[in-house]
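Read top to bottom, the protein sequences are chains A and B.
The first sequence begins at 1 in the UniProt record's numbering and counts up one residue at a time.
The second sequence begins at 1 in the UniProt record's numbering and counts up one residue at a time.
Protein chains: 2
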Amino acid sequence: MPRYKAVIAYDGTHYAGFQIQQNAHTIQAEIEQTLSRLNNQQHVTIHPSGRTDAGVHAKGQVIHFDYPHVMDEERFRFALDTQTPADISVRKLERVSDDFHARYLVKEKIYEYYVDLSKSRDPFKRLYATHYIYPLDIPRMQRAAKAIEGTHDFSVFCATGTKVTDKTRTVYDARIERIGETGLKFTFRGNGFLYKMVRMLVGTLLKIGNGRLPEQAIELALATCDKKMTGPTAAPEGLFLSEVKY
Amino acid sequence: MPRYKAVIAYDGTHYAGFQIQQNAHTIQAEIEQTLSRLNNQQHVTIHPSGRTDAGVHAKGQVIHFDYPHVMDEERFRFALDTQTPADISVRKLERVSDDFHARYLVKEKIYEYYVDLSKSRDPFKRLYATHYIYPLDIPRMQRAAKAIEGTHDFSVFCATGTKVTDKTRTVYDARIERIGETGLKFTFRGNGFLYKMVRMLVGTLLKIGNGRLPEQAIELALATCDKKMTGPTAAPEGLFLSEVKY
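#1: What first and last residue would you give for the beta strand (DSSP E) that runs through Thr187(B)?
#2: Return helix, strand or coil for Thr34(A), following the three-state DSSP convention.
#3: Going by alpha carbons, who is nearest to Thr45(A) out of Leu194(A), Lys5(A), Asn210(A)?
#4: Quick check on Ala123(A) - is its C-beta less than 8 Å from some C-beta in chain B?
#5: Can you tell me whether Met1(B) is buried or exposed, with buried defined as 16 or more other CB within 10 angstroms of its CB?
#6: List the residues of chain A that Arg91(B) touches, going by C-beta distances under 7 Å, in chain order.
#7: So is Ala58(B) buried or exposed if we call it buried at 16+ other beta carbons inside 10 Å?
#8: Cutting at 7 Å between CB atoms, please list the residues of its own chain near Thr162(A), excluding the five before and the five after it.
#9: To test your reading of the DSSP string, which unbroken beta strand (DSSP E) runs of 3 or more residues are found completely within the segment 152 to 212 of chain B?
#10: Please name the residue in Thr151(A), Tyr114(A), Ile88(A), Glu243(A) whose C-alpha comes closest to that of Lys125(A).
#11: Check this for me: beta carbons of Gly60(B) and Pro236(B), under 8 Å apart or not?
#12: Verify the CB distance criterion: does Ile31(A) have a CB-CB separation below 8 Å to chain B?
#13: Once the 5 residues before and after Pro68(A) are set aside, which same chain residues still bring their CB inside 6 Å of it?
#14: For Tyr172(A) and Ala234(B), what's the separation of their Cα atoms in angstroms?
#15: Does the beta carbon of Ala86(A) come closer than 8 Å to any beta carbon on chain B?
#16: Count the other CB atoms, across all protein chains shown, that sit within 10 Å of the CB of Gln42(A); report buried if there are 16 or more and exposed otherwise.
#17: Counting contacts by CB-CB distance shorter than 8 Å, is Tyr128(A) in contact with chain B?
#18: What does Asp116(B) pair with, by DSSP beta-bridge criteria?
#19: Counting only Cβ-Cβ distances shorter than 7 Å, please list the residues of the segment 61 to 85 of chain A near chain B, keeping chain order.
#20: I'd like to know whether the C-beta of Ala9(A) is nearer than 8 Å to at least one C-beta of chain B.
#21: What does the alpha-carbon distance come out to for the pair Arg77(A) and Met71(A)?
#22: Around the Cβ of Arg121(A), are there at least 16 other Cβ atoms within 10 angstroms (buried) or fewer (exposed)?
#23: Which partner residues of Tyr10(A) appear in the DSSP bridge assignment?
#24: Would you mind stating whether Thr170(A) and Thr187(A) have Cβ atoms separated by less than 8 Å?
#25: To which residues of the same chain is Asp53(A) closer than 7 Å at the C-beta, ignoring the five residues directly before and after it?
#26: Sorted by chain position, which residues of the same chain lie with C-beta nearer than 6 Å to Thr168(B)'s C-beta, five sequence neighbours on each side aside?
#27: Looking at the strands, I want to know which residues DSSP matches up with Lys245(A).
Here it is in structure tokens:
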């Protein structure tokens, strides 16, 4: 059966996450319903590069699925893009070989996390950034973030409830930049990320920046697995799955 | 009674517009409720620089109101900012003299209008830009926009249902710029704007850019009041009241 790969973007605000669940509004359910409607009500299952949690967004999530017809790529993309809800967009679509797999073959993932530092919360950022009004020493956070880079067992930055056993991941780049006068952008590039890892790293970096954790907290947490050296899990609305590379 | 001036921002998506109406969710009702709650349930009326329509946003709307107590400006701003819903933000607040009036004393208003030119509608712009997928000759639109500048009777660009009799306004600047690869931003600066005037100008400029109206359409519409030389009213979600000057 022909296999297709698609790059999708979504605003996660109104969804209970990517993965299909009973009695919940999910990205997967919306896309599968649209595909199944196009396929004469025969069910089509989609496979993402990985799930995203409730409220988390994607600019470049990748999925693959098998579909029993050979389709013109642009017409198929347009049909899916226009028939899914306005908060889900199908940016690219192409036919791929049968051995392509959106999850198993990931080489690199890029996540972005946005923080709004405005004194009065920006109403246009409220769904796409976390509001943080306390003082932050940004150079201190930038120095602390360097400890994330490299190959580490990230167990201490993994939320419970995951079935993954090998918690070693390689982070190529962990970067913090100012965006305009009141924005802060975190970018994490790596070969994979554990459940809630990015949000736990951001929560820890914010606590370091606010002086409530030592600058070496991440180094110490990774070395000793001491949860006291980590911060809270940052809110989902600031997080975007930006790109997946194969 | 002490008079206060405040600069507010709001995401108009979920509102039936600024002005209070029966059985409708409005910006004015939310702010007046919050002010009245702070004022021991004694009603407080606010006066804006002008109303905005359903779905229209503001980055810098200005209001004034009389309040029976002398308040610390920053504490008052903070109380209002945090007690109004998350899609309304109180950016600045100061005590002003009794003769300040948010509407009568306006010297200049700046409106912005955003268009998303992405092939697949950007889910993160859908509430803050109009999606337009047809070809546009942007230099042609930029030349056409020059005809808006100056002092004109803008009756032909005014929706019905207004009580205003003098429809002469001065536009200081009408500008169109590309924002990134897929964005278009219109900026209009003037001493005042008629009901739906900005959205009618944008709808006309898009139709000129798409070649379905002559490049001189705006000049002709202003000179002859011929509605056939104007385009449709552009959608509200692209429009922002950006700044009001006194």
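Ideal placement from N, C-alpha and C gives every residue a C-beta, glycine not left out.
Reading off the structure:
#1: Along the second sequence, one-based indexing puts residue 187(B) at 187. Start and end: 183 to 190.
#2: Within the first sequence, numbered from 1, the residue matching residue 34(A) stands at position 34. It is helical.
#3: Looking up residue 45(A) in the first sequence gives position 45. Among Leu194(A), Lys5(A), Asn210(A), the Cα nearest to that of Thr45(A) is on Lys5(A).
#4: Mapped onto the first sequence, residue 123(A) falls at position 123. Here the sequence assigns Pro to residue 123(A), which means Ala is not the residue at that position. Chain B contact via Cβ: present.
#5: Locating residue 1(B) in the second sequence gives position 1, counting from the first residue. Burial call: exposed.
#6: Counting from one through the second sequence, the residue named residue 91(B) turns up at place 91. The contacting residues are Ser120.
#7: By one-based count along the second sequence, residue 58(B) stands at place 58. Counting Cβ neighbours within 10 Å, Ala58(B) comes out buried, since at least 16 surround it.
#8: On the first sequence, residue 162(A) is found 162 positions in, with the first residue counted as 1. Correct list, in chain order: Leu194, Tyr195.
#9: 168 to 179, 183 to 190
#10: As a first step, residue 125(A) must be located in the first sequence, where it is residue number 125. Nearest option by C-alpha distance: Tyr114(A).
#11: On the second sequence, residue 60(B) is found 60 positions in, with the first residue counted as 1. On the second sequence, residue 236(B) is found 236 positions in, with the first residue counted as 1. No. Outside cutoff.
#12: Taking the first residue of the first sequence as 1, we reach residue 31(A) at position 31. Taking Cβ atoms only, chain B never reaches closer than 8 Å to Ile31(A), which makes this a no.
#13: As a first step, residue 68(A) is located in the first sequence; it is residue number 68 there, counting from the start. So the list reads Met1, once near-sequence residues are dropped.
#14: Locating residue 172(A) in the first sequence gives position 172, where the first residue counts as 1. Locating residue 234(B) in the second sequence gives position 234, where the first residue counts as 1. When rounded, the distance between both Cα atoms is 45 Å.
#15: Here the question's residue 86(A) lines up with position 86 in the first sequence. Answer yes: the Cβ-Cβ gap between Ala86(A) and chain B drops below 8 Å somewhere.
#16: For the purposes of this step, residue 42(A) is taken as the residue at position 42 of the first sequence. With fewer than 16 other Cβ atoms within 10 Å, it is exposed.
#17: Mapped onto the first sequence, residue 128(A) falls at position 128. Chain B, which has a Cβ nearer than 8 Å to the Cβ of Tyr128(A), makes this yes.
#18: Within the second sequence, numbered from 1, the residue matching residue 116(B) stands at position 116. Answer is His131(B), Gly183(B), bridged to Asp116(B).
#19: Asp81
#20: Counting from 1 along the first sequence, the entry for residue 9(A) is found at position 9. Answer yes: the Cβ-Cβ gap between Ala9(A) and chain B drops below 8 Å somewhere.
#21: Counted from its first residue, the first sequence places residue 77(A) at position 77. Counted from its first residue, the first sequence places residue 71(A) at position 71. Distance between the alpha carbons of Arg77(A) and Met71(A): 10 Å.
#22: By one-based count along the first sequence, residue 121(A) stands at place 121. Buried: at least 16 other Cβ atoms inside 10 Å.
#23: For the purposes of this step, residue 10(A) is identified with residue 10 of the first sequence, where counting begins at 1. For Tyr10(A), which the question treats as bridged, DSSP gives the partners Ala58(A), Ile88(A).
#24: Reading the first sequence from its first residue, position 170 is the one you call residue 170(A). Reading the first sequence from its first residue, position 187 is the one you call residue 187(A). It is not a contact, given that the beta carbons lie outside the stated cut-off.
#25: Here residue 53(A) refers to the residue found at position 53 of the first sequence. Excluding sequence neighbours, Asp53(A) sits near Gly17, Pro236.
#26: Residue mapping note: residue 168(B) aligns to position 168 of the second sequence, counting from 1. Hits under 6 Å: Asp153.
#27: For this step, residue 245(A) is matched to residue 245 along the first sequence. For Lys245(A), which the question treats as bridged, DSSP gives the partners Glu108(A).
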